[in-house]
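Number of protein chains: 2
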Amino acid sequence: MYVSTEIVIFTIREARLQVVLRRRRRDPLKGGGTWALPGGAVGVDEDVDLAATRTLTQQTGLKDVYLEQLYTFGCPDRHPERRLITVAYYALAPVERTVDAQRHKDELVWFPCGALPELYLDHGAIIDVARGRLKAKLDYSTIAFQFMPKRFTLSELQHVYETILGETLDKRNFRKRVLSIGTLEQTGNMRRDGCHRPARLYRLKTPGKVQFIK
Amino acid sequence: MYVSTEIVIFTIREARLQVVLRRRRRDPLKGGGTWALPGGAVGVDEDVDLAATRTLTQQTGLKDVYLEQLYTFGCPDRHPERRLITVAYYALAPVERTVDAQRHKDELVWFPCGALPELYLDHGAIIDVARGRLKAKLDYSTIAFQFMPKRFTLSELQHVYETILGETLDKRNFRKRVLSIGTLEQTGNMRRDGCHRPARLYRLKTPGKVQFIK
């Protein structure tokens, strides 16, 4: 059996949830679409989780971003020619980091989740499962904080939540809830832009750590 | 590469969280222990999720119990002789159903999670991951309800939570929280036993459905 890892890499760009896809060079029409998730074969002596980390870095240049195993897809007819089992992962990257990803290889293109091109094999279904997991985790963890730059305002954080959920949240309740978790701290600085009141800048106390919340 | 599924089947028996293990007949000392999780090879043309369902039923007689993919374990040295990737699952069974499981095969034995025998390969680590997932999910889902028989009292439900968490919960808060989820309904009957006040019996509105809660 062939085993691969494929990675759904999310970011928030231009106020939309986006994923990065790679253009397939070989037989681009075979398997149902020109665009595929970053991914590839697991080496014979390679740990599956490490294969995902390696693939992420080799194909997109992204390092030290949130990466989690999503689901293993093992339907026997998902590949037209071979028995392929895919251990899928998902990663979250702040938009600043994705600039590097795009510089890394010009075959990589970001697509809004609502406007995906025709995808290779069942990669569309894998993206759907990843979106579902991300949305569910918003409710009981601080996972969305992984999209934030080093310093951000609470309005910017709320905007990320609203973008993923596709709904507007009450400002006062949102602030109360995220501050009560205790993972944010004030930087002591303010963001000042022309027409708004200056807004406090926050940062994560332990960047990279995702916490369960009740 | 070889791909297998292994299943951590939990129940609450004798006021303890227990898992069922099978006695290995071939080379019982090879691979680190006589006892293994129910599991086996995924067929060449078999869907991985269906392989887990098949294995569960064939090896334990359990059907229609809660079953969820847990994690894929893909460390290259987890098996001494071959490259083995294991898609692990976990299942929850009410104790009544496990009687059938035990009748099904006499090589199956229930062990309390706190007193496991020496285990085959990394099956001990797989059980640890499954316990962690179960405990985490208690906080944000109705997963523990899957341990309950058709009709149960709120005290019995609370006892299941306390057993898994290893801590005592406040009775009033617990009742308020589980009733507010809206997945329980009164059966209209009471449980009467000698020395206690009669207690209302509840059932799940949609058995088998696990709901996220906030």
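Heads up: the sequence lines are chains A and B, in that order.
Residue 1047, in our numbering, is where the first sequence stops; the numbers in between run on with no holes.
Residue 1047, in our numbering, is where the second sequence stops; the numbers in between run on with no holes.
C-beta: ideal position from N, C-alpha, C; glycine also.
Minimum Cα-Cα distance from A:Leu900 among the listed residues A:Val836, A:Leu990, A:Asp882, A:Leu1002 corresponds to A:Asp882. Secondary structure of A:Gly957 (DSSP, three-state): helix.
Here the alpha carbon of A:Lys1042 sits roughly 11 Å from the alpha carbon of A:Ala977.
The C-beta distance from B:Ile997 to B:Ala926 rounds to 14 Å, too long to fall under 8 Å, and the pair is not in contact.
Assigned with DSSP and collapsed to three states, A:Thr888 falls in helix. Residue environment: A:Leu1012 is assigned as exposed (fewer than 16 neighbouring CB atoms within 10 Å of its CB, all protein chains considered). For A:Ile1046, the secondary structure class from DSSP, reduced to helix, strand or coil, is coil.
Scanning its chain for C-beta atoms nearer than 8 Å, with the 5 sequence neighbours on each side dropped, one finds around B:Arg849 the residues Pro945, Cys946, Gly947, Thr996, in chain order. Closer than 8 Å at the C-beta level to chain B, one finds these residues of the region 971-993 of chain A: Asp972, Tyr973. A:Gln1019 is classed as exposed because its beta carbon has fewer than 16 other beta carbons within 10 Å across all chains shown. At a C-beta separation below 8 Å, B:Arg916 has these neighbours in chain A: Val877, Asp878. By the neighbour-count definition (other C-beta atoms within 10 Å, threshold 16), A:Gln891 is an exposed residue.
The DSSP assignment places 1017-1024, 1032-1037 as complete runs of the beta strand (DSSP E) inside the region 958-1043 of chain B, in order along the chain (cut-off: 3 residues). For A:Asp1003, no chain B residue has a Cβ inside 9 Å of its Cβ, as the nearest lies near 14 Å away. Taking C-alpha positions only, B:Asp955 is separated from B:His1029 by approximately 45 Å.
For B:Tyr899, there are no C-beta contacts with chain A under 8 Å, since the nearest C-beta of that chain is about 17 Å from it. Residue state for A:Leu883 is assigned as helix, using DSSP reduced to three classes.
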